[in-house]
Amino acid sequence: MKNINLQVYPGEVLGIIGSNGAGKSTLLKVIARVLQPTEGRVRIRGRVSPLLELGAGFDAELTGRENIYLNSAILGFSRRNVDQRFDRIVEFSGLQEFIDAPVRTYSTGMGARLGFAVATDVQPEILIVDEILGVGDTSFQKKSFERIQSFQANGSTILLVTHSLQKVREM
Numbered sequence: 003m004k005n006i007n008l009q010v011y012p013g014e015v016l017g018i019i020g021s022n023g024a025g026k027s028t029l030l031k032v033i034a035r036v037l038q039p040t041e042g043r044v045r046i047r048g049r050v051s052p053l054l055e056l057g058a059g060f061d062a063e064l065t066g067r068e069n070i071y072l073n074s075a076i077l078g079f080s081r082r083n084v085d086q087r088f089d090r091i092v093e094f095s096g097l098q099e100f101i102d103a104p105v106r107t108y109s110t111g112m113g114a115r116l117g118f119a120v121a122t123d124v125q126p127e128i129l130i131v132d133e134i135l136g137v138g139d140t141s142f143q144k145k146s147f148e149r150i151q152s153f154q155a156n157g158s159t160i161l162l163v164t165h166s167l168q169k170v171r172e173m
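If you're matching positions, the sequence shown starts at 3 in the numbering used here and goes up one per residue.
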């Protein structure tokens, strides 16, 4: 990637579309400060909530419940705050029956649903979404897409990587 200059404002959606290997995910990781640019600089005004690899921070040996608390702590939330949000997170994920099972017993889609529910329970200023709207069943995809649209309607900036031009247009 060379000579990239982006200005995205509150409430705007920027769709990033390109072929595999074009650097879309790398760009998002640089913006999210997961990777450092080899040259140049990144300036961001606002708190970034990256949805890069859902469930990537989960400990497979811990239960879904334990992972909600662990990941929320990593995102900077207190135990008291998570206690208040816990039922809402579990309900959105649809994993009520499995929340006390180890995450290693979850399917990929179940892990992604829990990761999305944890990461998006609080309105972000800047939401970075990397190809995660294809996880889970159709009902969960629709619910996730609607949540992202509500963030945008309430002033969040959305950076979206997808192979679907239609998804970008729908935002």
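Quick reminder that beta carbons are idealized off the backbone N, C-alpha and C, glycines included.
Who are Asp-132's beta bridge partners in DSSP?
-> Reading the sequence shown from its first residue, position 130 is the one you call residue 132. Val-163.
To the nearest angstrom, how far is it from the Cα of Pro-12 to the Cα of Ile-128?
-> Here residue 12 corresponds to residue number 10 of the sequence shown, with the count starting at 1. Here residue 128 corresponds to residue number 126 of the sequence shown, with the count starting at 1. Straight-line Cα distance between these residues: approximately 8 angstroms.
Tell me, to the nearest whole angstrom, how far the beta carbon of Phe-118 is from that of Gly-66; I am working on the premise that it is less than 8 angstroms.
-> Position 116 of the sequence shown, counting from 1, holds the residue named residue 118. Position 64 of the sequence shown, counting from 1, holds the residue named residue 66. 13 angstroms between Cβ atoms; not a contact.
When burial is assigned at 16 or more other CB atoms within 10 Å of the CB, is Gly-48 buried or exposed?
-> Numbered from 1 along the sequence shown, position 46 holds the residue referred to as residue 48. Result: exposed.
Name, in chain order, the residues that DSSP records as bridge partners for Gly-23.
-> On the sequence shown, residue 23 is found 21 positions in, with the first residue counted as 1. Bridge partners of Gly-23: none, in fact.
Keeping to the same chain, check which residues put their C-beta closer than 7 angstroms to that of Ala-75; ignore five residues upstream and five downstream.
-> As a position in the sequence shown, residue 75 is number 73, starting the count at 1. Nothing listed; no residue qualifies.
CB-CB length for Ala-34 against Val-50, believed under 8 angstroms = By one-based count along the sequence shown, residue 34 stands at place 32. By one-based count along the sequence shown, residue 50 stands at place 48. Correct: roughly 5 angstroms between the Cβ atoms.
Nearest to Met-3 by alpha carbon, out of Phe-94, Gly-23, Thr-140, Ile-46?
-> Start at 1 with the first residue of the sequence shown, and residue 3 comes out as number 1. Cα-wise, what sits closest to Met-3 is Gly-23.
Please report how far the alpha carbon of Gln-9 lies from the alpha carbon of Ala-62, in whole angstroms.
-> As a position in the sequence shown, residue 9 is number 7, starting the count at 1. As a position in the sequence shown, residue 62 is number 60, starting the count at 1. Going by the C-alpha atoms only, they are around 38 angstroms apart.
Ordered along the chain, which non-local residues of its own chain (more than five positions away) have a Cβ less than 8 angstroms from that of Phe-153?
-> Position 151 of the sequence shown, counted from the start, is the residue given in the question as residue 153. Only Thr-122, Gln-125, Pro-126, Leu-129, Ile-160 meet the Cβ criterion.
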